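J.: The structure follows.
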Amino acid sequence: MDLIFHGPLGMELSLNKSTGVARVKAAEQDSPAQLVVGRALTAIEGVPVGEIRDKKSWLAVVAMLQAPERPLSLTFEAPAVSPEEPVQPVQRARAELDALAASAKAAAEQAEAEATAVASAPAPARGRQAVNRAGVRFGPRSRSPSPELTCSQCGSRGSRADGFFNGTHGYRGLFCSEDCKAKSLGRSDLERASTRRAPAASSSRRRRSRSRSPRRRRESSPPGRVVAAEKAEATAAESVPAPTRGRQAFKPGVRFGPRSRSPSPELTCAQCGRTGTRVDGFKSMGTRAVCSEACKAACKAESVARSKPSGRGLRPPSPPGLGERPTRRHLVAAAEAAPAPQPPVESEPAGAPRPPSDAEIYDMVLAREKARIVKDYAAADRLRAEMATAGLSVVYRDETGREGREAKKCGALTWSTVDGRTGPPALSTAEIESRLRAWLHARDVDQNPSRATDLLADCKARGIGTSASIWFTAQASGPLPSLVREASVGRGPSDEYIRERLFARFQAIQVRDLNRADGILDELQRAGVRIEFVGEGYSRVATWRTPDGRSGPRPPDDGTIFDMVLQREKARIHSDFRTGDRIACELNASGVFIENRDAAGRQDLSGGAHT
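Each residue of the sequence shown is one higher than the one before, starting from 1 at the first, in full-length UniProt numbering.
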């Protein structure tokens with residue numbers, strides 16, 4: 001069975017050491033390897049895997065699977081089917097389908113029986129409905145049908161489901177609609193409502209007028225009072241609204257309730273003179289009416305312009321006195337008296353910044369790398385801002401070509417400009433090794449930190465990155481060069497060179513620069529020097545052997561060792577630990593290892609006896 005992977009494999013392999021077969025142990029949910037869990041891997045890109053008997057073969061298979069090339073074709077063994085029962089999966093599937101059909105049929109029959117039982121059962125009441133002491137019923141209602149009702153206004157028949165309702169607050173009877181309810185309001189009800197709006201008469205007058213009929217009151221009243229009463233009755237009759245959909249009540253001087261069906265009055269726009277009603281979108285604006293939002297805004301602008309003073313005859317405010325704080329009027333007057341801003345002379349926008357040349361870019365990058373090496377991060381950030389302003393961007397990449405925080409420390413530098421240029425220019429392998437060899441010689445042999453810093457900054461500015469034992473650029477990579485030139489066959493480096501490299505290694509261990517220590521060790525091994533260690537930890541003594549038969553180190557005589565130990569102890573007493581550590585590194589490189597032990601023979605770094 002062949003599978004093609006276009007992305008991550010998402011599977012876990014297990015190796016059977018007895019058979020040498022790699023099988024898929026587990027797979028992620030979205031991986032195609034879900035189909036082949038438990039099967040053996042037989043081929044990769046058409047190449048048979050074969051039996052895996054040693055660790056080297058297994059690592060080779062893993063490397064082929066982790067290669068970034070995609071798509072990747074993998075072949076797995078086919079599923080095993082028993083020859084005695086070739087149709088067993090088909091029979092199993094049919095049995096499962098029959099079981100599902102039987103369970104579905106039983107569920108349908110049970111649901112039908114329950115529905116029949118519910119339909120044949122009487123509708124039970126939701127609960128008992130009780131009556132409290134006030135004669136009000138409470139509790140759940142029964143499901144009995146609603147009785148037939150008759151409208152008190154039009155005589156139509158129906159039930160509450162058809163919209164029948166009881167009239168309340170003066171509307172006596174049952175009604176089928178709001179229209180019938182409004183029509184039931186008689187003349188007497190309207191007069192009663194209108195009289196509620198009139199001011200109440202005094203108690204004496206109200207008491208005296210009860211014994212008189214309206215005719216007797218008109219006859220006995222003066223003519224002026226009769227005319228006034230007739231006018232009041234006519235006004236009350238005219239003020240009675242037309243029947244509405246619902247009840248409209250009256251309060252003293254205030255109407256509330258549903259609006260009447262009287263037509264809306266005609267309005268005239270105060271801005272454009274257009275006529276219409278509120279149905280056409282007219283709105284009130286104080287005592288005026290407007291037809292749209294535009295006319296409303298224009299009216300507001302005119303009102304503001306009319307309310308703003310013309311400014312004639314106004315005297316500007318006097319300037320504030322000595323020690324007084326200027327007010328808002330002073331600030332407004334100063335702003336109005338200031339001349340209007342003039343347009344700039346150059347109306348055309350300024351062009352984009354022109355990127356620097358390659359030589360200028362090299363100088364800027366070199367200065368920034370020097371600042372980073374000496375940990376002057378303020379100057380480095382300032383130079384980075386200047387490069388960004390000039391349209392130059394800098395990126396650091398590690399030996400795999402990826403960006404990251406670790407790549408910024410010792411990664412290879414690459415730059416690009418807004419006009420499409422990239423750099424730095426590619427260097428040949430000979431040029432790279434020559435520059436690196438000069439830097440290593442200044443750092444390890446000459447012990448010249450300033451020159452080593454300049455050479456390292458030059459290498460970084462030219463896009464050369466370094467790690468423990470290799471160099472790399474954006475185009476190539478290789479091992480760090482050795483300070484020993486190509487030696488003749490059968491001869492290794494000199495004794496003094498080996499001692500200097502071991503001394504540099506022990507110094508790197510003192511400052512916990514283990515990557516540099518391992519790099520020096522790899523450099524000696526590439527030069528043909530075989531290193532062996534005596535003791536424990538990183539402070540153990542190193543013994544070496546060259547291809548031409550030389551071995552070392554050769555320890556100095558006892559007098560020299562005594563003098564060096566004496567100088568080290570004097571430096572430690574005066575708290576000059578740097579000098580003490582340097583002397584200890586020289587002793588280690590010469591094959592002398594110092595330990596401090598107490599009276600019991602245990603190691604004591606504080607004040608034990610020297611051995």
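We put the beta carbon where it would ideally sit given N, CA and C, even for glycine. These numbers come from a predicted model, not from an experiment.
Should Y377 be labelled buried (16 or more other beta-carbon atoms within 10 Å of its own) or exposed?
T.: In the sequence shown, counting from the first residue as 1, residue 377 sits at position 377. With fewer than 16 Cβ atoms within 10 Å of its Cβ, Y377 is classed as exposed.
J.: Kindly list the residues whose CB is nearer than 7 Å to the CB of P556, restricted to its own chain and excluding five residues on each side of it in sequence; keep chain order.
T.: As a position in the sequence shown, residue 556 is number 556, starting the count at 1. If we look at P556 and ignore the five residues flanking it on each side, its Cβ neighbours are S590.
J.: Counting along the chain, where does the alpha helix (DSSP H) carrying F282 start and finish?
T.: Counting from one through the sequence shown, the residue named residue 282 turns up at place 282. From DSSP, F282 is part of no alpha helix (DSSP H); its letter is neither H nor E.
J.: If we call anything under 7 Å between Cβ atoms a contact, is R274 one with S264?
T.: Residue 274 sits at position 274 when you count from the first residue of the sequence shown. Residue 264 sits at position 264 when you count from the first residue of the sequence shown. For R274 and S264, no; Cβs fall outside 7 Å.
J.: Can you tell which of S159, D162, E178 and A161 has the C-alpha that lies nearest to the C-alpha of T168?
T.: Within the sequence shown, numbered from 1, the residue matching residue 168 stands at position 168. E178 is the residue among S159, D162, E178 and A161 whose C-alpha sits nearest the C-alpha of T168.
J.: Helix, strand or coil for E532, going by three-state DSSP, please let me know.
T.: Mapped onto the sequence shown, residue 532 falls at position 532. Three-state DSSP puts E532 in a strand.
J.: Tell me whether Y497 counts as near the ligand ZN, meaning its Cβ is closer than 6 Å to at least one heavy atom of that ligand.
T.: Looking at this structure, you won't find the ligand ZN or any other ligand, since it has none at all.
J.: Please name the residue in K105, S450 and V394 whose C-alpha comes closest to that of P424.
T.: One-based indexing of the sequence shown puts residue 424 at position 424. Among K105, S450 and V394, the Cα nearest to that of P424 is on V394.
J.: Counting only the same chain and skipping the five closest in sequence on each side, list residues whose C-beta sits under 7 Å from that of G401.
T.: The sequence position of residue 401 within the sequence shown is 401, counting from 1. So the list is empty, once near-sequence residues are dropped.
J.: Do E532 and F472 come within 7 Å of each other at the CB atom, strictly closer than that value?
T.: Here the question's residue 472 lines up with position 472 in the sequence shown. Here the question's residue 532 lines up with position 532 in the sequence shown. No, Cβ-Cβ distance for F472 and E532 is not below 7 Å.
J.: Got a sec? Which residues, its chain only, sit under 6 Å from S551 by beta carbon, not counting five neighbours each side?
T.: The residue given as residue 551 occupies position 551 in the sequence shown. Excluding sequence neighbours, S551 sits near R545.
J.: Considering only the alpha carbon of each residue, which of T116, E109, A113 and G7 lies closest to R71?
T.: Position 71 of the sequence shown, counting from 1, holds the residue named residue 71. First, the amino acid is wrong: residue 71 is Pro here, not Arg. Measuring from the Cα of P71, the nearest candidate turns out to be G7.
J.: Should L35 be labelled buried (16 or more other beta-carbon atoms within 10 Å of its own) or exposed?
T.: Your numbering for residue 35 matches position 35 in the sequence shown. Exposed: under 16 other Cβ atoms inside 10 Å.
J.: According to DSSP, is K25 helix, strand or coil?
T.: Working through the sequence shown from its first residue, we reach residue 25 at position 25. K25 falls in the strand class under three-state DSSP.
J.: Find out if the Cβ-Cβ distance for the pair A517, A508 is shorter than 7 Å.
T.: Taking the first residue of the sequence shown as position 1, residue 517 is located at position 517. Taking the first residue of the sequence shown as position 1, residue 508 is located at position 508. For A517 and A508, yes; Cβs fall inside 7 Å.
J.: Just mark P493 as buried or exposed, buried being the case when its beta carbon has 16 or more other beta carbons within 10 Å.
T.: Mapped onto the sequence shown, residue 493 falls at position 493. It is buried - the Cβ of P493 has at least 16 other Cβ atoms within 10 Å.
J.: So what's residue 658 in DSSP terms, helix, strand or just coil?
T.: For the chain, the structure presents residues 1 to 611; residue 658 sits outside this window and is missing.
J.: Since F503 is in the alpha helix (DSSP H), which residue starts that stretch and which ends it?
T.: As a first step, residue 503 must be located in the sequence shown, where it is residue number 503. Unbroken alpha helix (DSSP H) run through F503: D495 to Q510.
J.: Output the boundary residues of the alpha helix (DSSP H) element that contains R526.
T.: Counting from 1 along the sequence shown, the entry for residue 526 is found at position 526. Its alpha helix (DSSP H) spans residues L514 to R526.
J.: For R499, collect the residues of the same chain with a Cβ closer than 8 Å to its Cβ; drop the 5 residues on either side in sequence, then sort them by chain order.
T.: Residue numbering aside, residue 499 sits at position 499 when the sequence shown is read from its first letter. Excluding residues within five positions, the ones whose Cβ falls inside 8 Å are G552, P553, A589 and S590.
J.: Between L3 and L59, how many whole angstroms is the CB-CB distance? I'm expecting something under 8 Å.
T.: Position 3 of the sequence shown, counted from the start, is the residue given in the question as residue 3. Position 59 of the sequence shown, counted from the start, is the residue given in the question as residue 59. Going by Cβ atoms, the distance from L3 to L59 rounds to 22 Å, so no, they are not a contact pair.
J.: For N448, report the span of its beta strand (DSSP E) as first-last.
T.: By 1-based counting over the sequence shown, the position of residue 448 is 448. N448 -> no beta strand (DSSP E), and no H or E assigned at all.
J.: Tell me whether P48 sits in a helix, a strand or coil according to DSSP, three-state version.
T.: Locating residue 48 in the sequence shown gives position 48, counting from the first residue. The answer is strand: DSSP assigns P48 an E or B state.
J.: Could you please give the first and the last residue of the uninterrupted beta strand (DSSP E) stretch that includes I470?
T.: Translated into the one-based positions of the sequence shown, residue 470 becomes position 470. For I470, the uninterrupted beta strand (DSSP E) segment begins and ends at I470 to F472.
J.: Please identify the residue among G286, C291 and E45 whose C-alpha is closest to the C-alpha of S303.
T.: Counting from one through the sequence shown, the residue named residue 303 turns up at place 303. Among G286, C291 and E45, the Cα nearest to that of S303 is on G286.
J.: P547: which of V529, I561 and D563 sits nearest, CA to CA?
T.: Position 547 of the sequence shown holds residue 547. The shortest Cα separation from P547 among V529, I561 and D563 belongs to V529.
J.: Quickly, what does DSSP pair residue 639 with across the bridge? List them, please.
T.: Residue numbering for the chain in the displayed model covers 1 to 611; residue 639 lies beyond these limits and cannot be assessed.
J.: Kindly indicate the opening and closing residues of the alpha helix (DSSP H) around T429.
T.: As a first step, residue 429 must be located in the sequence shown, where it is residue number 429. Unbroken alpha helix (DSSP H) run through T429: T429 to L440.
J.: With a Cβ-Cβ cutoff of 7 Å, do G411 and G465 count as a contact?
T.: As a first step, residue 411 must be located in the sequence shown, where it is residue number 411. As a first step, residue 465 must be located in the sequence shown, where it is residue number 465. Result yes, Cβ atoms of G411 and G465 sit closer than 7 Å.
J.: Below 7 Å between beta carbons: does that hold for A438 and K370?
T.: To locate residue 438, count along the sequence shown from 1; it is residue 438. To locate residue 370, count along the sequence shown from 1; it is residue 370. Not a contact, by the Cβ cut-off of 7 Å.
J.: Just to confirm, are F164 and C180 a CB contact at a threshold of 7 Å?
T.: Taking the first residue of the sequence shown as position 1, residue 164 is located at position 164. Taking the first residue of the sequence shown as position 1, residue 180 is located at position 180. It is not a contact, given that the beta carbons lie outside the stated cut-off.
J.: Determine the burial state of F562: buried for a count of at least 16 other Cβ atoms within 10 Å of its Cβ, exposed for fewer.
T.: Here residue 562 corresponds to residue number 562 of the sequence shown, with the count starting at 1. Looking at its Cβ environment, which holds fewer than 16 other Cβ atoms inside 10 Å, F562 is exposed.
J.: By a C-beta neighbour count over all protein chains shown, 10 Å radius and 16 as the cutoff for buried, is residue 658 buried or exposed?
T.: Limits of the chain in this structure are 1 at one end and 611 at the other, which puts residue 658 out of reach.
J.: Between which two residues does the beta strand (DSSP E) containing L9 stretch?
T.: Position 9 of the sequence shown, counted from the first residue, corresponds to residue 9. That residue, L9, is in no beta strand (DSSP E); it is neither H nor E in DSSP.
J.: Considering only residues of the same chain and omitting the five flanking positions on each side of Q12, which have a CB-CB separation below 6 Å?
T.: Within the sequence shown, the letter at position 12 stands for residue 12. The amino acid at residue 12 is misidentified as Gln; the sequence shows Glu. Counting only Cβ-Cβ distances below 6 Å, and skipping sequence neighbours, we find K25 and A26.
J.: Nearest by alpha-carbon distance to S469: which of T453, L524 and Q447 is it?
T.: Locating residue 469 in the sequence shown gives position 469, counting from the first residue. Answer by Cα proximity: L524.
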